[in-house]
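Inspection log for the structure reproduced underneath, given as structure tokens.
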Amino acid sequence: MLLKDPKVLIPETKIMNRVHELASEIAFDYRGKEITAICVLKGSFIFFADLIRNIDLPLNCEFMAVSSYGSKTTSSGEVKLTLDLTEPLEGKHVVVIEDIVDTGLTMQYLVENLRARKPATLRTCALLFKPEALQCQLDLDYIGFKLGKEFVVGYGLDYAGRYRQLPYIGALESEH
Ligand code: PRP
């Protein structure tokens, strides 16, 4: 299968406007508190960097990595923790930051895993959310954009490791 260049779904300016709005919402909700922001690698690194730079509160950055897609476009359904946090979360105000929630299995796994570490509060943030693809019960606290079922790349998201550096969110179309 050959791939054409991704079609622009969400342009850079629209992403940045929404990122600013989400950051303001989070800063308002956590006013007077300190946040532990968890970047879920790899896909979230660009969104995370843009989002936290607009949150005007004391904030700790933590990193985790999970994988369930490998080089495929569909989830294997099996979530693997490939990099864990280095700090305890007990008593902290934790926000998990994901680039995308598709089947929801990754976020569901993360919420269960992080809850067990007894944070004071735990909220979830995803730039992109595909409600029609959701395969589990999941409540997201902060959502950037809702999408259909198209496979998207760019702004941190990849297809087989490529396209993460695109400044926009694009849809991949196959060409036979
Ligand atoms: C992507 C994305 C989420 C997950 C969402 O990660 O970053 O973590 O898939 O999919 P789900 O809702 O169907 O579980 P991926 O496994 O592709 O790893 P990556 O972030 O390293 O690219």
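Take the sequence shown: its position 149, counted from the start at 1, is 145 in the numbering used here, and no numbers get skipped. All C-beta atoms, glycine included, are put in the ideal place defined by N, C-alpha and C. Please read all numbers here as calculations on a predicted model, not as lab measurements.
In terms of residue numbering, what span does the alpha helix (DSSP H) encompassing residue i cover?
i	result
E21	E8 to D25
Y105	L101 to R111
I51	Run containing I51: none; DSSP gives neither H nor E here.
Determine, using beta carbons only, whether residue i and residue j come nearer to each other than 8 Å.
i	j	result
Y151	L168	no
N56	T82	no
V15	G166	no
V97	M60	no
Y138	L53	no
G73	S64	yes
I6	Y164	yes
Between which two residues does the beta strand (DSSP E) holding residue i run?
i	result
Y138	Y138 to K142
V97	H89 to V97
R119	T117 to F125
V36	I31 to L37
G166	I165 to A167
Among the residues of its own chain, which have a CB less than 8 Å from the CB of residue i, if the five just before and after it don't count?
i	result
C132	T99, G100, L101 and Q104
E21	Y138
Residue i and residue j look like a contact to me (Cβ under 8 Å); what is the Cβ gap, rounded to whole Å?
i	j	result
L110	L118	6 Å
P127	K142	6 Å
V92	I34	5 Å
G87	A116	5 Å
Give the straight-line distance between the Cα atoms of residue i and residue j, rounded to the nearest whole angstrom.
i	j	result
R160	V148	10 Å
G39	I51	20 Å
I48	D95	13 Å
E8	G140	13 Å
L77	L106	9 Å
D46	A23	14 Å
M12	K0	25 Å
L136	T120	5 Å
P2	R158	11 Å
E30	E58	13 Å
L79	L153	18 Å
Sorted by chain position, which residues of the same chain lie with C-beta nearer than 6 Å to residue i's C-beta, five sequence neighbours on each side aside?
i	result
L130	G100
F44	C35 and I93
Apart from the five residues just before and just after residue i, which ones in its own chain have a Cβ nearer than 7 Å to its Cβ?
i	result
Y26	L53 and H89
A112	none
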